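These notes are about the structure you will find just below.
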Amino acid sequence: MNIHEYQAKELLKSYGVPVPPGEVVYSVRGAARVAEELGGNRWVVKAQIHAGGRGKAGGVKMANTPAKVSEAADLMIGTTLVTAQTGPEGQLVQRVLVERASRIDREFYLSLIIDRVSQKVVIIASAEGGVDIEEVAAASPEKVHKEYVDPGVGLLDFQCRKIATTIGLANRAAPFTRLLKRIYRLFRDKDCQLLEINPFIVTEDGDLMAIDCKMSFDDNSLFRQGGIAELRDFDEEDPKEVEATGHGLNYIALDGSVGCIVNGAGLAMATMDAIVHHNGRPANFLDVGGGASPEKIANAFRIVLKDPNVKVILVNIFAGINRCDWIATGVVQATRDQEINVPVIVRLAGTNVEAGRKILDESGLALIQAEDLDDAAAKAVASLEGANA
Ligand code: GDP
Ligand code: MN
Numbered sequence: 008m009n010i011h012e013y014q015a016k017e018l019l020k021s022y023g024v025p026v027p028p029g030e031v032v033y034s035v036r037g038a039a040r041v042a043e044e045l046g047g048n049r050w051v052v053k054a055q056i057h058a059g060g061r062g063k064a065g066g067v068k069m070a071n072t073p074a075k076v077s078e079a080a081d082l083m084i085g086t087t088l089v090t091a092q093t094g095p096e097g098q099l100v101q102r103v104l105v106e107r108a109s110r111i112d113r114e115f116y117l118s119l120i121i122d123r124v125s126q127k128v129v130i131i132a133s134a135e136g137g138v139d140i141e142e143v144a145a146a147s148p149e150k151v152h153k154e155y156v157d158p159g160v161g162l163l164d165f166q167c168r169k170i171a172t173t174i175g176l177a178n179r180a181a182p183f184t185r186l187l188k189r190i191y192r193l194f195r196d197k198d199c200q201l202l203e204i205n206p207f208i209v210t211e212d213g214d215l216m217a218i219d220c221k222m223s224f225d226d227n228s229l230f231r232q233g234g235i236a237e238l239r240d241f242d243e244e245d246p247k248e249v250e251a252t253g254h255g256l257n258y259i260a261l262d263g264s265v266g267c268i269v270n271g272a273g274l275a276m277a278t279m280d281a282i283v284h285h286n287g288r289p290a291n292f293l294d295v296g297g298g299a300s301p302e303k304i305a306n307a308f309r310i311v312l313k314d315p316n317v318k319v320i321l322v323n324i325f326a327g328i329n330r331c332d333w334i335a336t337g338v339v340q341a342t343r344d345q346e347i348n349v350p351v352i353v354r355l356a357g358t359n360v361e362a363g364r365k366i367l368d369e370s371g372l373a374l375i376q377a378e379d380l381d382d383a384a385a386k387a388v389a390s391l392e393g394a395n396a
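For this note's numbering, count along the sequence shown from 1 and bump the result up by 7.
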């Protein structure tokens with residue numbers, strides 16, 4: 008789960024990490040009011056969407072009067088911002104963060120992620136922070152430093168000093184160490200998956216501060232992270248994925264045309280592989296889970312069909328705990344009650360497979376049965392080619 012920059016900054020602040028004074032607003036008038044309340048003579052207006060790359064796309068603007076703060080907010084609120092990270096469809100801006108502008112001397116990159124290979128938290132730091140970090144990482148990887156933290160031992164002072172030295176902050180090693188330890192504690196306490204501060208700055212007065220922050224959390228830990236789960240912004244997520252979660256379905260939208268309804272995450276992955284092997288592209292990952300009731304199957308059809316790119320549906324069920332006759336009943340109910348204008352390929356295997364196939368055969372519906380996974384994928388892709396011909 009991701010959160011907005013202003014929410015991430017609130018968390019940083021609560022852990023004693025300095026961030027610029029500011030407030031999130033939902034209206035143009037609110038933006039001017041906040042600028043006046045904050046005081047000063049320079050502000051920055053920042054579009055709040057769950058994607059970076061805003062600076063280069065017009066989503067971060069400086070203003071030197073409250074009227075210009077309003078103007079900047081007006082340009083952002085209600086418009087769709089397309090950045091290198093949003094995809095071509097962009098993301099609607101519904102709120103902006105108004106902050107007192109910081110006077111930046113130097114910009115650094117600092118992030119914490121979980122490294123699955125070493126099973127440690129890795130701290131990534133670079134003296135070349137700011138909006139071009141991706142290019143720096145690609146062209147000069149030696150300018151990006153990594154420090155691995157054993158979660159059982161925790162972050163040690165010498166590691167913080169080492170990072171400070173490698174990014175040219177040796178003269179600020181003590182305050183840097185204090186802040187990095189607070190950031191690390193936040194990362195652990197809140198079950199973060201990623202915590203990225205870019206830029207982390209030294210101000211012209213020599214202070215350290217976080218100017219931008221991106222945080223994402225382990226979904227499997229949200230049950231014990233009450234305060235965090237509340238920060239979820241459904242407007243930033245694919246509505247199909249949100250609806251699927253509500254029905255106990257694990258759905259992830261992709262960009263192909265073969266809609267997939269599968270039980271089990273492993274089988275769902277194998278199904279997507281088989282589709283690609285036959286030169287098709289999956290429209291989604293969808294795991295209906297173990298005991299898939301007819302209602303669940305019907306919901307799965309509804310969600311998959313909301314994607315206008317879906318040109319064929321492949322149902323692939325291996326019934327171990329489940330029973331093929333239940334699944335077949337679900338498929339028949341779903342396809343009878345909903346208008347389905349695309350071919351439906353069904354592959355059933357496992358418990359009660361004969362009974363399941365019989366139900367499909369006798370339904371009178373135009374369902375195409377497949378012998379096995381390979382046959383199902385081949386038939387799905389072939390039906391696409393038929394549609395295009
Ligand atoms: P991103 O492009 O989505 O990563 O947005 P950021 O919040 O990182 O802002 C992009 C860039 O705008 C930063 O790297 C800074 O160079 C600049 N910027 C952001 N806030 C301030 C500020 O308060 N003062 C100054 N001088 N520059 C800022
Ligand atoms: Mn940034």
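We put the CB at the ideal spot given by N, CA and C, even for glycine.
None of the values given here were measured: they were computed from a predicted structure.
{"Asked": "Integer-rounded CB distance, given that G327 should sit under 8 Å from G357", "Found": "6 Å"}
{"Asked": "Limits of the beta strand (DSSP E) - the one that F230 falls within", "Found": "F230 -> no beta strand (DSSP E), and no H or E assigned at all."}
{"Asked": "Where D368 falls, given that 16 or more other Cβ within 10 Å makes a residue buried", "Found": "exposed"}
{"Asked": "Continuous beta strand (DSSP E) stretch holding Q376: start and end", "Found": "L374 to A377"}
{"Asked": "Beta-carbon spacing of V129, I140 below 8 Å", "Found": "no"}
{"Asked": "Where the alpha helix (DSSP H) containing M8 begins and where it ends", "Found": "Segment: none, M8 is in no alpha helix (DSSP H) and carries neither H nor E."}
{"Asked": "Which residues DSSP lists as bridging A326, in chain order", "Found": "G357"}
{"Asked": "7 Å Cβ shell around T336 - same chain, five flanking residues per side excluded", "Found": "P301 and I366"}
{"Asked": "G59: CB within 7 Å of a non-hydrogen atom of ligand 2", "Found": "yes"}
{"Asked": "R288, DSSP secondary structure in three states", "Found": "coil"}
{"Asked": "Range of the contiguous alpha helix (DSSP H) that encloses K309", "Found": "At residue 309 the sequence reads Arg, which differs from the Lys that was named. That run of the alpha helix (DSSP H) goes P301 to L312."}
{"Asked": "Heavy atom of ligand 1 within 7 Å of V67 beta-carbon", "Found": "yes"}
{"Asked": "When R330, P315 and G255 are compared against D294, the one with the closest alpha-carbon", "Found": "G255"}
{"Asked": "Under 8 Å between C-beta atoms of P27 and I218", "Found": "yes"}
{"Asked": "Any non-hydrogen atom of ligand 1 closer than 7 Å to I111 Cβ", "Found": "yes"}
{"Asked": "Alpha-carbon to alpha-carbon, P315 and K247", "Found": "12 Å"}
{"Asked": "Nearest residue (CA-CA) to Q92, options G59, L117 and V76", "Found": "G59"}
{"Asked": "Contact under 8 Å by Cβ, S133 with V151", "Found": "yes"}
{"Asked": "Close Cβ partners of Q340 (< 7 Å) along its chain, the five nearest in sequence each way excluded", "Found": "P301 and A305"}
{"Asked": "Under the three-state DSSP convention, the category S264 falls into", "Found": "coil"}
{"Asked": "heavy atom of ligand 2 below 7 Å from N205 C-beta", "Found": "yes"}
{"Asked": "Q98, DSSP secondary structure in three states", "Found": "strand"}
{"Asked": "Segment contact flag, the stretch 41-53 with the stretch 62-78, C-beta cutoff 8 Å, min 3 pairs", "Found": "yes"}
{"Asked": "beta-carbon G62 near ligand 1 non-hydrogen atom, thresh 7 Å", "Found": "yes"}
{"Asked": "Extent of the continuous beta strand (DSSP E) to which C199 belongs", "Found": "C199 to T210"}
{"Asked": "Spatial neighbours of A396 in its chain, beta-carbon cut-off 7 Å, leaving aside the 5 residues before and after", "Found": "Residue confidence for A396 is low, a pLDDT of 48 falling below 50, so the modelled location carries little weight; the figure read from the coordinates is stated next. Excluding positions up to five away in sequence, the list is empty."}
{"Asked": "Beta strand (DSSP E) runs contained entirely in the stretch 29-59, provided each spans 3 or more residues", "Found": "29-32 and 50-54"}
{"Asked": "Buried versus exposed, by CB contacts within 10 Å (16 or more), S21", "Found": "exposed"}
{"Asked": "For V138, the three-state DSSP class (helix, strand or coil)", "Found": "coil"}
{"Asked": "Rounded Cβ spacing between A108 and A80 (contact assumed at less than 8 Å)", "Found": "Not quite, the Cβ-Cβ distance comes to about 15 Å (not below 8 Å), so this is no contact."}
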